[in-house]
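Respectively, the protein sequence lines represent chains S and X.
Numbering-wise (the working numbering), the first sequence opens with residue 1 and increments by one.
Numbering-wise (the working numbering), the second sequence opens with residue 150 and increments by one.
Built from N, CA and C at the ideal position, the CB exists for glycine as well.
These numbers come from a predicted model, not from an experiment.
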Amino acid sequence: MPSPTRVIHKRIYEVAPRDLERAGTVSTAVRRELLALGMTPDIVRRASIICFEGEMNMVLYSKGGRIILLVRDDRVELLFSDRGPGIADIDLASQPGYSTAPDWARELGFGAGFGINNMEQNSDLFKIRSRVGEGTVVRATILLGVPFL
Amino acid sequence: MELRQVIAAIGLTALVGADLAREVRDGYCSDLLSDVLAHAKAGDLWITHQRHLNVIAVAKLRDVAGIVFPRRLRPSPDVVARAQAEGVNLLLAEGTAFEVAGKLYRVLHP
Chain S
1 MPSPTRVIHK RIYEVAPRDL ERAGTVSTAV RRELLALGMT PDIVRRASII
51 CFEGEMNMVL YSKGGRIILL VRDDRVELLF SDRGPGIADI DLASQPGYST
101 APDWARELGF GAGFGINNME QNSDLFKIRS RVGEGTVVRA TILLGVPFL
Chain X
150 MELRQVIAAI GLTALVGADL AREVRDGYCS DLLSDVLAHA KAGDLWITHQ
200 RHLNVIAVAK LRDVAGIVFP RRLRPSPDVV ARAQAEGVNL LLAEGTAFEV
250 AGKLYRVLHP
């Protein structure tokens with residue numbers, strides 16, 4: 001295992017369930033933070049998309065939770081953890097087009113079933129762990145380049 | 150092409166003109182937010198029927214040149230206020246999304 005790299009920046013954001021009015025505020029804040037840290041537009045864009053999709057999933061489906069932004073020397077990490085209900089079949093939930101979204105959410109343009117796929121596509125490392133009845137934890141990592149260069 | 154030129158060329162109305170000098174590179178037409186996040190590009194003019202607060206976040210995150218609401222659809226005052234605060238251009242069109250996209254395509258790809 002490589003030794004963990006230095007943490008440059010850490011922020012914790014609370015996400016309330018079903019609060020569509022405020023949904024998107026965490027990803028907007030994360031975008032602003034990363035721009036302020038001087039990240040490249042590509043990194044900012046990828047992190048923002050990952051964060052928005054994760055935030056929306058938490059708002060739409062979970063009982064609430066939090067998002068942690070962790071900027072290290074060599075990577076940007078976004079950690080999402082919620083209080084349930086958990087995902088029974090992660091492979092199925094990750095399939096593009098698969099969705100359990102209710103009609104009201106679909107009418108607003110959410111729940112098309114591309115959220116997890118979008119998160120994965122924009123990550124270099126991506127891991128979901130979930131336990132039904134307990135909650136879901138997602139770690140999305142963007143590598144900032146080869147650290148020894 | 151600059152947004153103000155596009156506005157003049159295809160007959161849009163600026164509801165929020167946060168940055169009319171913004172370069173419009175292309176267009177994207179979709180009502181699915183994840184689809185826009187995945188496939189729209191920076192500098193695209195985004196044509197959509199969705200008019201809730203989250204479109205402002207999506208527009209900002211994807212760095213589109215602006216949002217066009219077709220068929221005289223008008224977003225609510227809180228959406229307009231958010232767009233002003235975030236500096237997102239909002240535009241209104243008379244025609245349908247198909248008509249707006251057609252006109253925009255002709256202007257951008259003569």
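Please state whether DSSP places Leu202 of chain X in a helix, a strand or coil.
Counting from one through the second sequence, the residue named residue 202 of chain X turns up at place 53. Residue state, collapsed to three classes: coil.
Out of curiosity, what's the CA-to-CA distance linking Pro224 of chain X and Gly133 of chain S?
In the second sequence, residue 224 of chain X corresponds to position 75, counting from 1. In the first sequence, residue 133 of chain S corresponds to position 133, counting from 1. Going by the C-alpha atoms only, they are around 39 Å apart.
Helix, strand or coil, according to DSSP, for Phe80 of chain S in the structure here?
Taking the first sequence and counting its residues from 1, one reaches residue 80 of chain S at position 80. Strand, per DSSP.
Under 8 Å between C-beta atoms of Arg46 of chain S and Leu144 of chain S:
Against the first sequence, residue 46 of chain S aligns to sequence position 46. Against the first sequence, residue 144 of chain S aligns to sequence position 144. No, they are not a contact pair.
Under 8 Å (Cβ pairs) to chain B, residues found in the segment 36–49 of chain S
The chain labelled as chain B is not found among the protein chains of the depicted structure, namely S and X.
Mapping DSSP to helix, strand and coil, what is Tyr13 of chain S?
Taking the first sequence and counting its residues from 1, one reaches residue 13 of chain S at position 13. Strand at Tyr13 of chain S.
Please classify Gly201 of chain X as buried or exposed, where buried requires at least 16 neighbouring CB atoms within 10 angstroms.
Walking along the second sequence from the start, residue 201 of chain X turns up at place 52. Sequence check: residue 201 of chain X is His here, not Gly. Per the 10 Å Cβ criterion, buried.
Test: Phe80 of chain S CB closer than 8 Å to a CB of chain X:
For the purposes of this step, residue 80 of chain S is taken as residue 80 along the first sequence, with counting starting at 1. Not one chain X Cβ lies under 8 Å of Phe80 of chain S.
Is the beta carbon of Val7 of chain S less than 8 Å from the beta carbon of Ser81 of chain S?
As a first step, residue 7 of chain S is located in the first sequence; it is residue number 7 there, counting from the start. As a first step, residue 81 of chain S is located in the first sequence; it is residue number 81 there, counting from the start. No, the Cβ-Cβ distance between Val7 of chain S and Ser81 of chain S is not below 8 Å.
Candidates S:Met56, S:Val30 and S:Ile68: which alpha carbon is nearest Leu181 of chain X's?
On the second sequence, position 32 is the one that residue 181 of chain X refers to. Selected option, being the one with the closest Cα: S:Met56.
Classify Arg131 of chain S as helix, strand or coil using the three-state DSSP reduction.
What you label residue 131 of chain S is simply residue 131 of the first sequence in a count that begins at 1. Reduced to three states, the DSSP call for Arg131 of chain S is strand.
Where Glu248 of chain X falls: helix, strand or coil (DSSP)
Along the second sequence, read from residue 1 onward, the residue named residue 248 of chain X stands at position 99. Correct three-state label for Glu248 of chain X: helix.
Proximal residues of chain X, C-beta to C-beta of Gly109 of chain S below 9 Å
Locating residue 109 of chain S in the first sequence gives position 109, where the first residue counts as 1. Within chain X, the residues near Gly109 of chain S are Ser179, Asp180, Leu181, Leu182, Ser183, Asp184, Val185, Thr197, His198, Gln199, His201, Asn203, Val204 and Val207.
Hey, is Glu120 of chain S's beta-carbon within less than 8 Å of any beta-carbon in chain X?
Stepping through the first sequence from its first residue, residue 120 of chain S is reached at position 120. No - not a single Cβ of chain X is within 8 Å of the one on Glu120 of chain S.
C-beta neighbour in chain X for Thr136 of chain S, strict 8 Å:
Here the question's residue 136 of chain S lines up with position 136 in the first sequence. Judged by the 8 Å Cβ criterion, Thr136 of chain S is not in contact with chain X.
Sequence-distant residues of the same chain with beta carbon closer than 7 Å to Arg131 of chain S, five excluded per side:
As a position in the first sequence, residue 131 of chain S is number 131, starting the count at 1. Excluding positions up to five away in sequence, the list reads Gly86.
From the DSSP secondary-structure annotation, give me the bridge partner or partners of Ala140 of chain S.
Numbered from 1 along the first sequence, position 140 holds the residue referred to as residue 140 of chain S. Bridge partners of Ala140 of chain S: S:Leu78 and S:Phe126.
Which bits of chain S does Leu194 of chain X rub up against, with CB to CB less than 9 Å?
Here residue 194 of chain X refers to the residue found at position 45 of the second sequence. By Cβ distance, chain S contributes nothing, its closest Cβ being about 17 Å from Leu194 of chain X, past 9 Å.
Under the criterion of a Cβ to heavy atom distance below 7 Å, does Gly113 of chain S qualify as lining the ligand ATP?
Although the ligand ATP was asked about, the structure shown includes no ligands whatsoever.
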